[in-house]
Each structure stands twice: as C-alpha cells, then as structure tokens.
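Have a look at the structure below before the remarks.
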Amino acid sequence: MDDPGPDHDGDSRLRPVQRGERPVPPRVPAPLDWSAAGQERRLAFLRERGIEVPHLAGNGGPVDAEAFRGNVEHFIGMAQVPVGLIGPLRINGMHVHDDVYVPLATSEGALVASYDRGARLLSRAGGVSCMVTDQQVQRAPAFAFATLAQAAAFAAWAAEQGEAFRAVAARGSRFARLTDLRAYVEANRVYLLLAFSTGDAAGQNMVTFAAASICADILERTPVRPEYWFVESNLSGDKKATSGVFLRTRGRRVTAEALLPRALVQRGLRTTPERMCDCWRMGMIGGVQAGATGASSHVANALAALFLACGQDVACVGEASVGVLRMEVRGGDLYVALTLPNLIVGTVGGGTRLPTARECLSILDCVGEGRANRFAEICAAVALAGEISIVGALAAGEFAAAHQRLGRGQ
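Residue numbering for the sequence shown follows this note's numbering, beginning at 4 and increasing consecutively.
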C-alpha cells in the first residue's frame with residue numbers, strides 16, 4: 004500500500020485489524036517440506052500472487068559480471084545463502100497496511116520457523132502497529148589545531164555555518180539534506196557531527212560525499228586553519244553499537260507494538276503472559292550485567308536475514324540491531340513493543356539493484372523510491388515477531404528442543 008502521507012489518521016491506521024474484519028491470507032505452503040516438490044509449491048504460491056523470482060529459484064541464468072560494478076571489486080562469483088519465506092505477517096503501519104510475506108536469508112536452522120511462528124501469532128492478534136518517527140544519518144569529520152584556543156574559535160565559527168553548509172550539501176546531491184550540526188571540542192581537537200536526511204537510500208556513501216564537500220568548503224573559508232583533518236572520526240557510530248547513536252537515531256527510528264490475547268499466548272506459545280514477562284525481565288537484567296547496548300533478545304537475527312535477502316549493507320546490523328524490547332501484562336493479555344533507533348535501510352542504490360535483492364524487495368513491494376519507510380516498518384515488525392517467538396520458546400522450555408529438531412541436517 005502506498006505511503007498515506009503525514010495527514011493520515013494514525014489512530015485508525017495503527018489499530019489492530021481482526022480476522023473478522025479482513026481474513027488472514029493463507030500461510031506459506033509446505034513449511035517443513037525440504038524437497039524439490041516443496042520448493043516448487045512455495046514458488047507457485049508466489050507466482051499465484053504475481054511475483055516471479057527466477058534468480059532466487061536458480062532459473063535466472065548467469066549475470067554479466069559488469070553488472071556488479073559499484074557493488075564489488077575483484078569479482079569471482081556468488082556466495083549462495085538459502086532464502087526462506089514467512090508469513091503472512093499483518094502490519095498496521097503508517098507506511099504499510101497489509102499482510103506481507105517476508106523473505107529471510109539464513110543458514111541457521113530453526114530461524115525461519117521461529118519467525119514464521121511469531122508472524123502467525125501477531126496476525127491472529129490483529130497485527131502489529133508500526134511507525135517511523137525519525138530519519139537521519141551522520142558523518143563526523145574532525146579537525147586538529149595547535150591549541151585549545153584555536154579549537155574553541157573554530158568550533159564557535161563552525162556552529163554558525165549551518166545555512167552555508169546546507170547549501171553546500173544540497174548542491175552536491177539531489178537527496179542529502181543537512182538537518183543538524185553540532186561541534187564538540189576535545190582539547191585542541193574539534194569533532195563536527197553532521198546529520199543528514201537521505202531520502203529512500205540507506206545513505207552511507209551519500210553522507211560521506213556531502214561531508215567531504217562541507218569539509219572542502221570549511222578549508223576555503225575557515226578563519227582558523229587546522230593542522231590536519233579527517234572526514235570521519237568514529238563519532239558517528241557507523242557500523243557499531245554505541246550509546247550515542249542509541250539515543251539520537253542513526254538511520255530510521257522505528258517502533259512496533261502489539262497486544263497478544265492470553266488465550267493466544269497459551270495456545271500458540273504454550274506459556275502465559277506472566278511467564279513471558281518473567282523471562283523477558285531475566286534477559287534484560289542479564290544484558291545489563293553483560294554491558295549490552297540496548298535491551299532485546301536477538302534482533303540481529305531478523306535484520307541480518309532481511310539485509311542479506313534484500314541487498315542491504317549487512318555490516319550495518321552492528322548498529323541497526325540495537326533496540327529496546329518491552330513486555331507487559333495488561334488486563335491478563337501480553338503487550339509487546341520493540342523500538343529500533345538505528346535502522347540503516349534503503350530501497351534504492353547499493354545492493355538493492357542486485358538480481359536476487361530486487362526479487363526479495365519485490366515480494367515486499369519495496370522496490371525503488373518511496374518505499375524505504377515501508378521497508379523499515381516491515382523490518383521492525385519481523386524483528387518483533389522473532390522477539391516474541393524466542394522469549395516464548397525460552398519461557399515454555401522449548402528453546403533447546405526446537406534447535407535440536409530444526410537446527411541440524413540429516
């Protein structure tokens with residue numbers, strides 16, 4: 004479904020849609036059939052929905068090596084990662100209001116089955132509500148001076164250059180827009196934190212080019228010339244979990260929430276909301292003792308599988324998987340919510356143009372411009388499905404048995 008725009012009624016769009024209002028579509032067929040016939044049934048299932056995936060199915064033929072220019076150097080071939088399909092997953096978001104089937108690329112047995120279970124539970128509960136609340140990507144150039152006085156004078160000057168820097172960034176890109184500028188003085192060093200909006204691209208290269216242009220402008224106009232400088236100083240949090248990006252957003256900040264009726268928890272997870280919350284609390288306190296940034300169970304599993312399937316920068320899982328999971332008992336039912344403050348994703352550029360990535364994005368209706376927020380909401384919904392499933396397995400004492408059954412070959 005197309006982006007509804009900022010004036011759309013959020014209350015009505017985010018509310019659960021029960022099965023009585025709109026039937027849940029059929030689940031992916033032959034879920035535990037590993038045969039060629041089972042694969043063909045699933046491919047036929049997609050074809051019935053107008054989705055062709057010849058490259059995923061292995062029927063697309065060889066791709067001209069020249070097509071990978073800009074994605075890889077010294078090309079020798081393709082690494083193959085199996086892709087499974089889960090769903091339907093009912094999402095009631097501001098940018099996606101639909102029942103979706105989701106491709107996940109992984110070599111970890113039990114992962115796809117676990118996410119499929121979480122998706123089915125969320126769909127039976129009326130779906131998961133999702134909202135993107137912020138979007139920005141940072142680059143952090145740094146400048147060295149002889150003295151603290153010079154550094155302070157430069158920082159004061161740079162802090163007043165917002166409009167000039169915005170104009171420089173806009174001249175070099177159709178999409179990059181400088182949205183925030185902060186200067187931090189550390190002795191005789193100054194770190195500039197530049198935040199940009201990046202449209203439907205993940206934006207890593209985009210913000211690098213924009214920051215480099217701003218640095219060139221600085222060197223032309225600064226009243227205090229630095230001894231040396233670098234376009235990135237590690238303050239941005241690029242591809243790593245840090246407390247700074249956890250608070251300020253790097254990528255898209257997305258929240259997903261749902262309310263699971265008690266009977267559904269008992270039947271679908273073979274446990275209770277109270278037991279789920281006990282398990283969640285134990286895990287969160289354990290994470291604090293371990294020094295974890297964020298408080299969730301295994302968001303990295305969802306994002307790595309989605310990123311691999313859909314042509315995202317997989318290294319960004321390092322920051323994107325930082326999140327906050329919450330579980331509460333409300334009126335006997337289970338309230339669940341997950342916030343991902345650093346979801347670096349895009350639907351244009353980068354790996355999204357590769358053949359299998361484009362097919363996976365087409366399954367999600369996330370190809371091209373105007374689809375990045377839709378994709379971000381799907382990522383958050385899938386991650387929440389996995390959080391529900393893994394906490395349920397731990398609470399019910401079934402975690403080891405599930406991996407014993409599904410996580411081994413013959």
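Beta carbons are placed, not taken as given, at the ideal position from N, Cα and C, and that holds for glycine. In this text, all values refer to a predicted model and were calculated from it rather than measured experimentally.
Here ASN304 is buried: its Cβ has 16 or more other Cβ atoms, across all protein chains shown, within 10 Å. Between the alpha carbons of VAL135 and LEU346 lies a gap of roughly 10 Å.
Here ILE391 is buried, its C-beta having at least 16 other C-beta atoms within 10 Å.
Shown here for ARG284: not one same chain residue has a beta carbon closer than 7 Å to its own, the five before and five after excluded. In the structure shown, MET81 adopts coil according to DSSP, grouped into three states.
TRP160 carries a helical assignment under DSSP once its states are collapsed to helix, strand and coil. Burial state of ARG52 is exposed, judged by a 10 Å Cβ sphere holding fewer than 16 other Cβ atoms. Proximity to LYS243 across ALA122, CYS319 and VAL385 peaks at CYS319, based on C-alpha coordinates. Rounded to whole angstroms, VAL210 and ARG44 show a C-alpha spacing of 43 Å. Secondary structure at THR182: strand, using DSSP grouped into helix, strand and coil.
Nearest to ASN74 by alpha-carbon distance, out of ARG356, ALA384 and LEU409, is ARG356. Here GLN407 is exposed: its Cβ has fewer than 16 other Cβ atoms, across all protein chains shown, within 10 Å. Cα atoms of CYS369 and ALA383: separation of roughly 14 Å, rounded to the nearest angstrom. GLU390 sits in a helix when the DSSP states are folded into three classes. A Cβ-Cβ contact shorter than 8 Å links ARG142 with VAL234.
For TRP232, the enclosing beta strand (DSSP E) begins and ends at 231–233. Scanning GLN42, PHE71 and GLY335 for the CA closest to the CA of PRO57 turns up GLN42. At least 8 Å separates the beta-carbon of GLY165 from that of SER216. Spatial neighbours of PHE378 in its own chain (CB-CB distance under 6 Å, excluding positions within 5 residues in sequence) are listed in chain order as VAL348, THR350 and CYS369. The C-beta of GLN139 has 16 or more other C-beta atoms within 10 Å across all chains shown, which makes the residue buried. The DSSP assignment places complete alpha helix (DSSP H) segments of no fewer than 4 residues inside the segment 299–387 at 302–313, 320–323 and 358–366, in order along the chain. Taking 8 Å as the cut-off, the Cβ atoms of TYR194 and SER236 count as close. Where PHE146 is concerned, the enclosing beta strand (DSSP E) starts and stops at 145–147.
Sequence-distant partners of LEU397 (beyond 5 residues in either direction) whose C-beta falls short of 7 Å from its own C-beta, in its chain, are CYS282. The three-state reading of DSSP puts GLN269 in helix, counting H, G and I together.
As the crow flies, the alpha-carbon of TYR338 is around 17 Å from that of LEU92. In summary, HIS98 is buried, with 16 or more beta-carbon neighbours lying within 10 Å of its beta-carbon over all protein chains present. Per DSSP, reduced to three states, the secondary structure at ASP137 is strand. For ILE94, the three-state secondary structure derived from DSSP is strand. By the Cβ-count criterion, SER126 is buried, with 16 or more other Cβ atoms from all chains shown falling within 10 Å of its own Cβ.
The beta carbon of THR201 sits closer than 7 Å to the beta carbons of VAL140, PHE178, ALA179, MET209 and VAL210 from its chain, once the five residues preceding and following it are set aside; these are given in chain order.
GLY254: member of the beta strand (DSSP E) spanning 254–263, first to last residue. Taking one beta carbon from each stretch, the segment 255–269 and the segment 105–112 have fewer than 3 pairs nearer than 8 Å; the two do not touch. About 6 Å separates the Cβ atoms of GLN207 and ASP316, confirming a contact at the 8 Å cut-off.
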